[in-house]
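Sequential numbering from -9 applies to the sequence shown in our numbering.
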Amino acid sequence: MASKKLEGIKAIIFDLGDTLYTLPYSVEEYHMKFLRNIFGDDFTISSRDLNQAHDAAEIALSKIIDDNATGPAYSLSTEEWVYFDCVLLENLGIKDDIEKASKQYQKLWDELLKSQPNVLRAGAKEVLEELASRGYKLGVATNWAEDPHDLLTSSGIRHLFQSLQWTLVKGYSKPSPYMLIMNAHEMGINPYNCAFVGNKINLDVEAARRAGMAPILLAKSGASTPINDTDYLVITDLKDLLEYL
């Protein structure tokens, strides 16, 4: 797929985190920063242990969401996020004043998110404007808990999108094809004539496959194209899209 143009594409849907937007630091680096903020500069934990604790917290939180959520628009409460933090910290071996530490941890995340740390990727606006000028319809499908409308508006790109889909609810969030199918429906385009751009194979590429769309993986610069999987296009810069569409 990577060696030829994509034919028949009428709409392009984008992930947000690490696709259209980036953070100054990785999520792992923010975790490390906040842990040391609360427990001191001497606090150390391996990336592997942090990832395992994060996975355990996600599983625990998803069980609560599965019980409470009745649709994709379900918004997580502060208490639910504190529960996530509590499970994460417990899996990191923290036991003393766990409830207090969890609330402190969540406060740091809340303050970070309120500061709108997401930065529009360099060149993204120009690529979106060019795609729109060529007649493509554009959409967003992201595993986020909050409506990205304000973020897109502040970046000056909200008007370029005909469809926004966001959810963290299991069964609706990627790799489920739900959001992508809804994007296609709202834009009035057959899913077969849509492409989806994201940065994760297990979530974004898989969701596109399940929706019957053309998967496009935005890989880190220098990454090599997988030799054992040719059903998706690999790009390292959003402007590369203009060469394939």
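Cβ coordinates follow ideal geometry from the N, Cα and C atoms, glycine included.
Output the distance between the C-alpha atoms of residue i and residue j, rounded to the nearest integer angstrom.
i: Phe74; j: Leu235; result: 41 Å
i: Arg38; j: Leu82; result: 11 Å
i: Thr226; j: Val109; result: 18 Å
i: Leu170; j: Pro205; result: 11 Å
i: Gln155; j: Tyr182; result: 18 Å
i: Ser52; j: Lys115; result: 34 Å
i: Gly125; j: Leu150; result: 11 Å
i: Asp194; j: Ile54; result: 24 Å
i: Met172; j: Val130; result: 10 Å
i: Arg26; j: Cys76; result: 16 Å
i: Met203; j: Ala47; result: 31 Å
i: Leu223; j: Arg111; result: 20 Å
i: Phe186; j: Leu6; result: 11 Å
i: Asp140; j: Gly146; result: 10 Å
i: Met(-9); j: Leu78; result: Per-residue confidence for Met(-9) stands at a pLDDT of 45, beneath the threshold of 50, marking its modelled position as unreliable; the derived number appears in the next sentence. Computed Cα separation, rounded: 40 Å.
Taking its Cβ as the centre, do 16 or more other Cβ atoms sit within 10 Å of residue i, making it buried, or is it exposed?
i: Pro107; result: exposed
i: Pro14; result: exposed
i: Thr34; result: exposed
i: Ile49; result: exposed
i: Val17; result: exposed
i: Ser105; result: exposed
i: Ile217; result: A caution first: Ile217 carries a pLDDT of 46, below 50, which makes its placement in the model unreliable, though a value can still be read off. So Ile217 counts as exposed.
i: Asp31; result: exposed
Kindly indicate which residue of the options has the alpha-carbon position closest to the one of residue i.
i: Ala209; options: Glu89, Gly(-2), Leu10; result: Leu10
i: Gly178; options: Asp221, Asp194, Leu128, Ile54; result: Leu128
i: Asn189; options: Leu(-4), Ile3, Lys(-5), Ile(-1); result: Ile3
i: Gln152; options: His175, Lys164, Leu158; result: His175
i: Glu89; options: Glu69, Ile55, Tyr20; result: Glu69
i: Met22; options: Asp5, Ile147, Ala43, Gly61; result: Ala43
i: Glu196; options: Ser65, Pro165, Gly7; result: Pro165
i: Ala63; options: Lys160, Ala112, Val117, Glu119; result: Lys160
i: Tyr162; options: Asp32, Tyr20, Arg26, Ala135; result: Ala135
i: Lys93; options: Asp140, Ser123, Leu118, Ser67; result: Ser67
i: Leu102; options: Tyr20, Asp140, Leu223, Asp8; result: Tyr20
i: Tyr168; options: Ile84, Arg199, Ile191; result: Arg199
In the DSSP assignment, find the beta strand (DSSP E) that holds residue i and state where it starts and stops.
i: Ile2; result: 1 to 4
i: Ala185; result: 184 to 188
i: Ser153; result: 153 to 156
i: Leu223; result: 223 to 225
i: Leu208; result: 204 to 208
Can you name the start and end residues of the alpha helix (DSSP H) that residue i belongs to?
i: Thr132; result: Note, Thr132: premise wrong, no alpha helix (DSSP H); beta strand (DSSP E) at 127 to 132.
i: Ile191; result: Unbroken run through Ile191: none, as it is neither H nor E.
i: Gly174; result: Note that residue 174 is Ala in the sequence shown, not Gly. Residues 168 to 177.
Compute every distance between the C-beta of residue i and the non-hydrogen atoms of the ligand NAP, then say whether any falls below 7 Å.
i: Thr34; result: The ligand content of the structure shown is nil, which means the ligand NAP is not present either.
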